[in-house]
Amino acid sequence: MRLSQYFMPVLRDDPKEAEIVSHRLMLRAGMIRQEAAGSYSWLPTGFRVLKKIEQIVREEQDRAGAIEVLMPTLQSADLWRKSGRYDDYGKEMLRIKDRQDRDMLFGPTNEEMITDIFRSGIQSYKDVPRNLYHIQWKFRDEVRPRFGVMRGREFLMKDAYSFDLTAEAGQHSYNKMFVAYLRTFARLGLKAVPMRADTGPIGGDSSHEFLILAETGESGVFFDRDFHDMDWSAFDIDYDDVAAVEKVVTTFTSKYSATDEKHDAVEFDSRVPKDKQLSGRGIEVGHIFFFGDKYSKPLGCEVQGADGKKVTLQSGSYGIGVSRLVGGIIEASHDKDGIIWPEAVAPFHVGLINIKVGDAEADATSDKIYKALQGKGVDVLYDDRNQPGGAKFAAMDLIGLPWQIIIGPRGLKEGIAEVKNRKTGARENVALDQIVGRFTK
Numbered sequence: 000m001r002l003s004q005y006f007m008p009v010l011r012d013d014p015k016e017a018e019i020v021s022h023r024l025m026l027r028a029g030m031i032r033q034e035a036a037g038s039y040s041w042l043p044t045g046f047r048v049l050k051k052i053e054q055i056v057r058e059e060q061d062r063a064g065a066i067e068v069l070m071p072t073l074q075s076a077d078l079w080r081k082s083g084r085y086d087d088y089g090k091e092m093l094r095i096k097d098r099q100d101r102d103m104l105f106g107p108t109n110e111e112m113i114t115d116i117f118r119s120g121i122q123s124y125k126d127v128p129r130n131l132y133h134i135q136w137k138f139r140d141e142v143r144p145r146f147g148v149m150r151g152r153e154f155l156m157k158d159a160y161s162f163d164l165t166a167e168a169g170q171h172s173y174n175k176m177f178v179a180y181l182r183t184f185a186r187l188g189l190k191a192v193p194m195r196a197d198t199g200p201i202g203g204d205s206s207h208e209f210l211i212l213a214e215t216g217e218s219g220v221f222f223d224r225d226f227h228d229m230d231w232s233a234f235d236i237d238y239d240d241v242a243a244v245e246k247v248v249t250t251f252t253s254k255y256s257a258t259d260e261k262h263d264a265v266e267f268d269s270r271v272p273k274d275k276q277l278s279g280r281g282i283e284v285g286h287i288f289f290f291g292d293k294y295s296k297p298l299g300c301e302v303q304g305a306d307g308k309k310v311t312l313q314s315g316s317y318g319i320g321v322s323r324l325v326g327g328i329i330e331a332s333h334d335k336d337g338i339i340w341p342e343a344v345a346p347f348h349v350g351l352i353n354i355k356v357g358d359a360e361a362d363a364t365s366d367k368i369y370k371a372l373q374g375k376g377v378d379v380l381y382d383d384r385n386q387p388g389g390a391k392f393a394a395m396d397l398i399g400l401p402w403q404i405i406i407g408p409r410g411l412k413e414g415i416a417e418v419k420n421r422k423t424g425a426r427e428n429v430a431l432d433q434i435v436g437r438f439t440k
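End of the sequence shown = 440 in numbering that gives the first Met the number 0, gap-free, step of one.
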């Protein structure tokens, strides 16, 4: 993409309304535009990041055996009345009436709807286990939306829902999602620590939040330093191997970690040596629940078992804040000059900077490299604007692409281009005939 033909309204100064780093940088980098309190339009650069995160989440859900569906944003209040949550949920739920005066709501979550969908589509115990998920926009009318996409009213979420015959089988479904989340966040370049947490309005017995450390986090967190030394790479796993999946979960849950709501200072001191005790603030990017028959019982989600008797299904739900992750990654990965994107989710892989637009050799060489990179499938943003080099460098650092290729008359005389790693700041000179190969290995 040529920057001269792109839409990226970069701001020179920090927006006054932005209270935290991610909100400030997303506005300055032209990733989002506020339309109302807690509601944002996603501009091209931000939308590219959002879609890349969404795809990684989708791939890991599919790999774990979950099946994608798509449910509507508007839901009937009738289902919520059956589960008992319609009056209990609070003012965060946006309640409306349609033209037939029927009570509707803009879904903050989908436990009731997916349970009703699954109930109507199954016949016997042979139809379980199943895990259905979708990636859909949600709305929660926060009393004080703030921090940009970190605590907005409208947000993109992946929510999955498992259905099993027994509590033991349901626990395996829960464990599979636990491991899938570890893999997902590792691919996103994050260490999201799983922590015991309250179940809140979702309900149930088992619950873990996945939090990334950041000074602006909304939750206090307490955990063992050993988490930093664990293998967070996207490890391979056979999700049908119950023991192997349980072993991964046991490894991660055997070490102390808890949000402030679940923190036990006495237990923390007894289980974790003083020199390994860490505390701080965390941003929730994922939350998983196992709630048994909380929704399946009132909604009549049951099947005929192998013995001919009716069995009420056991369920769990598993959420990832896809749009929140954009802000969360920025909170965890930035410096004084701007964003530092992990390669997996960067809007473009390479920023190509022609610092002498109008110079025949600089233009020709830049155009040649740009077309060659595009031909090899490399996402490249080519700054071909007629602006000072300093402004171009600042813009590239701000938007945080992993790599920069800098073309200028001085380097061209020596047959080289300068390549900069945005994360480390390291620079090196690379021969012009090796540039394309460098990024297409």
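No residue lacks a Cβ here, since even glycine has one placed at the ideal position from N, Cα and C.
Residue i - DSSP class collapsed to helix/strand/coil
i	result
Asn109	coil
Asn174	helix
Asp228	helix
Asp259	coil
Gly347	The sequence shown places Phe at residue 347, not Gly. Reduced to three states, the DSSP call for Phe347 is coil.
Lys275	helix
Asp126	helix
Trp402	strand
Glu59	helix
Ser75	strand
Ile338	strand
Lys293	coil
Val418	strand
Lys356	Residue 356 is actually Val in this sequence, not Lys. Looking at Val356 - three-state DSSP - the assignment turns out to be coil, as it is neither helix nor strand.
Ala305	coil
Ala264	helix
Lys254	coil
Tyr39	strand
Ala371	helix
Gly320	strand
Ile329	helix
Phe221	strand
Selected residue, minimal CA-CA separation from residue i, among the options
i	options	result
Ile338	Asp12, Met7 and Arg27	Arg27
Glu208	Asn385, Asp13, Gly285 and Gly315	Gly285
Ala168	Pro387, Phe289, Glu59 and Tyr180	Phe289
Phe117	Tyr132, His227 and Phe184	Tyr132
Pro341	Ile398, Lys370 and Asp97	Ile398
Met229	Gly219, Val220, Val248 and Ala213	Val248
Ser3	His227, Arg384 and Ala331	Arg384
Tyr238	Val48, Glu59, Gly327 and Leu164	Glu59
Thr250	Lys50, Leu181, Val325 and Gly216	Leu181
Asp223	Lys273, Gly388 and Phe184	Lys273
Asp100	Pro346, Met92, Ile434 and Ala76	Ala76
Ser206	Ala185, Lys246 and Thr252	Thr252
Ala185	Tyr255, Glu141 and Phe234	Phe234
Phe347	Cys300, Ala390, Phe438 and Ile354	Phe438
Met194	Gln33, Phe177, Thr183 and Gly188	Phe177
Ala159	Leu187, Val220, Ala242 and Asp61	Asp61
Ile434	Ala345, Gly29 and Gln373	Gln373
Glu417	Ala390, Ser332 and Ser365	Ser365
Asp334	Val9, Gly327, Val20 and Met149	Val20
Gly29	Thr44, Lys367, Asp362 and Lys96	Thr44
Residue environment, residue i, which counts as buried when at least 16 other CB atoms sit within 10 Å
i	result
Ser322	buried
Ile31	buried
Glu161	Note on identity: in this sequence residue 161 is Ser, with Glu being the wrong assignment. Answer is buried; the Cβ neighbour count reaches 16.
Val265	exposed
Pro71	exposed
Ile352	buried
Glu413	exposed
Ser123	exposed
Trp136	exposed
Ile201	The predicted model places Ile201 with a pLDDT of 48, which falls under 50 and marks its position as unreliable, so this point remains unresolved.
Arg23	buried
Asp115	buried
Lys15	exposed
Leu324	buried
Val142	exposed
CB contact check: residue i to chain C, cutoff 8 angstroms
i	result
Thr114	Included in the structure is just one protein chain, with no chain C present.
CB-CB length for residue i against residue j, believed under 8 angstroms
i	j	result
Gly318	Phe154	The pair is not a contact, with the Cβ atoms about 10 angstroms apart (cut-off 8 angstroms).
Ile55	Asn130	Going by Cβ atoms, the distance from Ile55 to Asn130 rounds to 18 angstroms, so no, they are not a contact pair.
Asp259	Ser232	That pair is no contact at about 29 angstroms.
Leu212	Gly304	Incorrect: roughly 45 angstroms between the Cβ atoms, too far for contact.
Phe46	Leu73	In fact, because the Cβ distance is near 23 angstroms, the residues do not count as touching under 8 angstroms.
Ser278	Phe221	5 angstroms
Any non-hydrogen atom of the ligand SAH closer than 7 angstroms to residue i Cβ
i	result
Ala213	Looking at this structure, you won't find the ligand SAH or any other ligand, since it has none at all.
Worksheet item: Do the stretch 417-435 and the stretch 386-402 make contact, defined as three or more Cβ pairs closer than 8 angstroms?
Response: Output reads yes: the stretch 386-402 touches the stretch 417-435.
Worksheet entry | the stretch 309-317 / the stretch 345-358 touching (three or more Cβ pairs under 8 angstroms) | Output reads no: the stretch 345-358 does not touch the stretch 309-317.
Worksheet item: Counting Cβ pairs, one atom from each stretch, are 3 or more of them under 8 angstroms apart for the stretch 103-111 and the stretch 72-81?
Response: Output reads yes: the stretch 72-81 touches the stretch 103-111.
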